[in-house]
Amino acid sequence: MPDAEVDDDMGQVEHCPVSSCHASRADLHAGCQSLGSLRVHVDAHLLGALPGMPPQEWLQRHNVAICPHCGRSVSRRCNNGVHRVCMAQQLRRAGPAAAPLVLGGSPDVPRLLGELPDWDEICLAPVDTRDTLGAGILPKASKAFLQCVAGVLLRHRPDAWSVVRSGTDTLAHQRARLAWTELWMFPKACLAVLPGGAAKQKRNGNILANRLERWLAGERRALWDEATRGGRPGRRPRRGDAEDADAAAQRLQGLPGQAVQRLWSEGLAPDTAHTEGIMRSKFPAAPAQQHASRRLPAADANELGEEQVLAALRSFKKGVAAGPSGLRPDFLRQLACDGPDARAFTIVLTGLVNLLAGGGAPVELQPYLAGAKGTALKKTTKFGEPDARPISSGEALRRLVGKALLRTEMDTLREHLLPCQLAVGVPAGAEVMPLLARQWWRHYEQDTSRILLTYDEGNAHNVVDRHAFLTWMREVCPGLSRWLEYIYPTAHPTKVFYNGRILDSAAGGQQGCPLMMACHGVVQRLLLESIGVLPVLPGSAVSVPLLDPPARLDMAPCYADDGILAGPAGEVLRALRHMQQVMPSLGLTFSSLEVAAPAGANHTVDWAPFVAAGCSVSPSGGADILKCPLCRGGVAHFDDAVLRSFGRISGLVLSDQQRAQTALPLRHGGCGLRSAESVADAAYIGSRAQTHQLCLDNWPLFHWDVAHPGSPLDTASCRLNAHLQRGGIATLVNVGERDRALTQRKLSRLCEAATLALWKQAAPPDDVCRLHSYSAPLAGHLFETDYCERAGMRPTAEAPGVLQDLAIPEGRRRPADLLVCHGAGLADRLPDGSQPHHLPQTALDIAVINATGPSHWPKTFESPGAASSAYAASKRAHQQTAAKCAAAGFYQPLVFEAQGGLCSETGSVLHALARRVGAAEECDSELVFADMVRKIAIVLCRAAAGSLQRRRRTWFRSPGTPASAAAVAAVVS
């Protein structure tokens with residue numbers, strides 16, 4: 001019962017308190033083993049399913065109340081007798097009227113409010129916060145943050161700040177300000193990252209738990225001072241130390257991409273006046289006409305449901321940065337998906353998201369809720385000069401609302417922006433422009449008068465006119481308008497907090513806002529309407545001068561702020577000049593313009609007018625589309641550079657066979673350094689299949705050119721099928737007709753199979769055997785703790801006489817390493833294939849074999865994992881161990897390979913054990929499984945290292961259980 005706090009007295013039999021119920025008699029009913037299971041039966045009486053009601057004396061003795069909302073039993077300690085889910089639903093239905101009932105009242109609100117830090121102080125505090133919390137701390141954090149969100153919903157008043165220092169400032173206004181401020185300060189006050197790393201993990205967990213307990217007890221200012229108080233300066237880390245530590249932490253969190261990025265990143269830019277100037281240049285002042293802009297009242301916001309909010313939470317990438325308050329999307333997702341009060345939290349969070357989406361938050365909080373945390377990353381210009389790359393991280397709640405709202409209008413936006421704008425809700429949209437340009441280039445390589453112009457808009461999201469995109473979005477997606485009007489005010493700026501300073505964001509949008517791509521896209525459409533590429537939206541309040549006659553272009557696709565104009569040189573020049581005249585009224589400017597002719601040196605185009613318009617002529621005669629050159633090549637050089645880097649890092653001089661093995665995926669015993677050249681053809685064919693209709697909509701002459709010998713599609717398909725044939729793959733790729741089933745994933749898997757087959761054909765048998773040993777399930781993973789104990793299975797490790805109570809004919813012989821008393825669920829199938837119905841105890845016999853050793857080499861050569869499966873069967877058959885153990889329970893061998901692999905039945909037992917631990921501790925079983933596998937692998941590696949050390953000595957271990965098997969048994973138990 002996650003909603004109630006129950007003291008289960010395990011082992012004490014409880015009978016129904018209703019005297020008329022048959023379950024109240026010990027001679028008719030076996031009774032319940034705990035109060036929790038008895039309460040399920042009592043709920044049937046309370047809900048009328050069974051006659052009779054429990055006496056009040058029984059309810060009081062067990063500290064149980066009847067929930068006034070659902071009528072079921074609940075502990076009195078749980079919200080004064082209200083289920084958390086019921087409380088959350090009551091909050092959404094009753095609104096502020098329920099605040100005194102659910103949250104109670106504070107006797108000295110003015111004093112508490114005066115002690116809290118102001119919002120600028122909270123946002124400027126240099127406190128890093130945690131992404132997620134451990135299972136021991138999560139319940140306290142869930143309860144505390146749930147109270148914060150519920151407090152805002154219940155005590156919210158739109159005029160909470162507008163009445164400050166006036167005679168109308170009531171206690172209700174003060175409570176509203178207190179609730180909002182507590183929500184804003186909670187992450188930095190209670191969830192700060194503490195120093196010490198893994199060495200101080202237990203201490204830091206205790207500190208965070210203590211802070212959460214103090215928060216729940218009402219402490220505020222002391223917590224804030226403690227969290228923001230700087231410690232004594234320690235040793236200044238050497239260059240690379242901090243990066244290495246951060247990268248290692250990110251790798252352990254399952255973020256390998258961010259770990260690699262952290263290592264090669266140049267780090268933060270120095271905090272100088274030059275860097276600050278670069279940051280301020282990204283947030284220009286508002287144009288003069290913006291302050292006087294007015295729009296009609298916005299329509300009601302789209303109503304968001306719990307599933308939509310959860311989907312938006314899950315769409316955040318793991319490890320994304322926090323905003324000014326320190327609240328992280330990972331923490332919100334953990335509370336909503338894995339928290340002990342996940343259902344209640346989701347209901348309350350949905351209420352807060354709808355409040356914000358409707359623009360209902362106090363207007364005085366706009367600079368903060370719509371603000372961002374600024375960061376300057378170090379970079380170097382192409383001329384070698386030091387520079388900075390500004391990064392803004394918006395508030396987590398702001399991004400959550402934007403993501404949820406965007407999903408409700410995605411179909412509308414896609415219909416409005418396609419076919420030209422390919423960046424909003426278009427899968428593989430970035431691949432369309434290079435494919436279009438390449439085929440257009442080949443089609444017109446004999447046309448001396450046609451050109452292709454590529455353009456990029458400078459700082460587009462931060463400078464696009466706010467009035468323009470607010471008005472346009474109101475017409476296209478009225479359900480987003482209230483939130484857009486709130487986060488992008490035209491009368492005053494929002495705030496970007498950068499290194500203890502506040503930068504004003506008064507114009508344009510905010511880079512990284514989930515809605516900004518759509519806002520810029522609708523303004524970008526105005527440019528295409530102005531040159532006649534797209535029809536004008538009828539009845540629109542926003543209008544721009546139209547080019548008359550419209551430009552006769554071949555195509556004009558764009559992706560975000562990058563685009564193409566292709567066609568006769570004169571028409572492209574007319575369109576460019578008109579766009580340059582219209583763009584200032586929309587707040588946009590070109591940052592780069594480049595022209596090229598498909599005819600190469602044979603063109604007859606006069607470049608002078610284009611140069612005068614700000615264009616540069618491509619020096620190579622080609623064109624780069626989204627940094628993608630229109631030529632094949634480069635991938636082989638890239639692959640070679642990757643392998644040379646791997647050789648330098650590992651200190652190995654790789655042979656051709658070894659270089660080929662590194663390109664194999666991890667599941668096939670390789671290093672996962674997949675060759676870009678080997679999958680280039682599969683990627684190209686998959687991209688062509690997925691984007692064909694989009695390309696055709698932009699340029700009617702675009703075609704599926706597999707029937708043209710020498711075309712890119714024909715060449716790619718021929719190379720791919722030749723590779724598959726060499727690898728003995730019977731299934732060849734038929735690209736004669738366009739089929740969306742030709743996905744890159746499907747084709748890449750075929751390529752991988754062919755590459756693996758080719759490698760095995762060229763490799764000697766010993767190498768194939770070693771490859772199989774490292775491609776068995778879980779092989780190569782790195783693996784310590786009491787998992788059976790945590791699952792409540794009462795394990796007993798190997799000891800003299802531990803199995804003497806088993807009724808087996810040869811009680812003197814030890815048949816297994818571990819006896820699990822509650823073994824139900826550990827085995828999905830018995831050796832004969834039947835399902836086990838009752839397994840009171842299970843004997844786990846753990847063994848570690850060398851898959852490449854002489855006795856196991858033949859089986860490993862056959863297929864990955866075959867050696868461990870065969871050894872498990874031999875252990876069952878040895879002296880009829882499995883049959884002799886059947887009378888007392890179930891015999892289950894767990895065979896691991898020294899290389900890290902295991903057989904399928906061992907994997908099933910580990911998965912079942914992880915599920916039991918997850919159910920017992922109410923945590924994610926997949927995380928438990930990953931942790932268990934990692935620790936077992938570490939034990940295997942340590943045992944292998946120990947064996948190597950012992951072989952170097954002159955003494956040997958006495959006969960007995962192998963060290964590796966004993967170590968793994970200690971982990972599993």
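Note that the UniProt record's numbering has the sequence shown beginning at 1, numbered continuously upward.
Glycine is no exception: its CB is placed at the ideal position from the N, C-alpha and C atoms.
Quantities reported herein were computed from a predicted structural model and do not represent experimental measurements.
Which same chain residues, not among the five before or five after residue i, have their C-beta less than 6 Å away from its C-beta?
i: Val424; result: Leu413, Leu417, Met517, Ala518, Gly521
i: Trp184; result: Ile122, Ser325
i: Trp857; result: Cys769
i: Ser73; result: Arg39, Val42, Asp43, Val64
i: Leu643; result: Arg659
i: Ser675; result: Asp639, Ala663
Nearest-angstrom Cα distance between residue i and residue j?
i: Gln308; j: Leu352; result: 13 Å
i: Ser20; j: Val348; result: 41 Å
i: Ala396; j: Cys148; result: 15 Å
i: Leu138; j: Pro700; result: 57 Å
i: Gln421; j: Ala468; result: 18 Å
i: Glu115; j: Ala222; result: 9 Å
i: Val363; j: Thr168; result: 18 Å
i: Ala682; j: Leu553; result: 32 Å
i: Ser24; j: Arg343; result: 34 Å
i: Val523; j: Val544; result: 11 Å
i: Ala873; j: Ser904; result: 12 Å
i: residue 999; j: Asp120; result: As displayed, the chain neither begins before 1 nor continues past 973, which places residue 999 out of reach and without an answer.
i: Ala670; j: Leu191; result: In the sequence as displayed, the identity of residue 670 is Gly instead of Ala. Looking at the two C-alpha atoms, the distance is approximately 40 Å.
i: Val163; j: Ala176; result: 12 Å
i: Leu50; j: Lys318; result: 48 Å
Excluding sequence positions up to five away, which residues of its chain have a Cβ less than 7 Å from the Cβ of residue i?
i: Leu171; result: Val109
i: Ala930; result: none
i: Ile207; result: Leu194
i: His15; result: Ala23, Ser24, Ala26, His29, Gly31
Would residue i be called buried (16 or more neighbouring beta carbons within 10 Å of its own) or exposed?
i: Gln60; result: exposed
i: Val733; result: buried
i: Asp640; result: exposed
i: Lys200; result: exposed
i: Gly359; result: buried
i: Thr662; result: buried
i: Pro854; result: exposed
i: Asp548; result: exposed
i: Ser592; result: exposed
i: Pro233; result: Confidence at Pro233 is low in this model, with a pLDDT of 37, below 50, so its placement is unreliable and the value that follows should be read with caution. When all chains shown are included, Pro233 counts as exposed.
i: Thr906; result: buried
i: Ala288; result: exposed
i: residue 995; result: Because the chain spans 1 through 973 in this model, residue 995 falls outside it and cannot be assessed.
i: Pro864; result: buried
i: Lys935; result: buried
i: Glu266; result: exposed
i: Arg211; result: buried
i: Asp739; result: exposed
i: Pro427; result: exposed
i: Leu28; result: exposed
Can you give me the start and stop residues for the beta strand (DSSP E) that residue i sits inside?
i: Thr842; result: 842-849
i: Ile502; result: 501-505
i: Tyr488; result: Per DSSP, Tyr488 belongs to no beta strand (DSSP E) and is neither H nor E.
i: Val193; result: Neither: Val193 is in no beta strand (DSSP E) and is coded neither H nor E.
i: Leu453; result: 450-457
For the alpha helix (DSSP H) holding residue i, just list the boundary residues, first then last.
i: Tyr444; result: That residue, Tyr444, is in no alpha helix (DSSP H); it is neither H nor E in DSSP.
i: Val496; result: Val496 -> not in any alpha helix (DSSP H); beta strand (DSSP E) instead, spanning 494-498.
i: Glu115; result: 109-115
Enumerate in chain order the residues of its own chain whose CB-to-CB distance from residue i is below 8 Å, with the five nearest sequence positions on each side excluded.
i: Pro478; result: Ala298, Ala299
The ligand MN and residue i: does any heavy atom of the ligand fall closer than 8 Å to the residue's C-beta?
i: Ala299; result: Although the ligand MN was asked about, the structure shown includes no ligands whatsoever.
Report the residue ranges of all beta strand (DSSP E) runs contained in full by the stretch 308-392; include only those spanning at least 3 residues, in chain order. Segments of the beta strand (DSSP E) lying fully in the stretch 308-392: 372-380.
Threshold first: 3 residues or longer. Then list the beta strand (DSSP E) segments lying entirely within the stretch 583-670, N to C. You should have 590-596.
Which parts of the stretch 544-571 are runs of the beta strand (DSSP E), unbroken and 3 residues or longer, counting only runs that do not cross its ends? The stretch 544-571 contains these whole beta strand (DSSP E) runs: 562-568.
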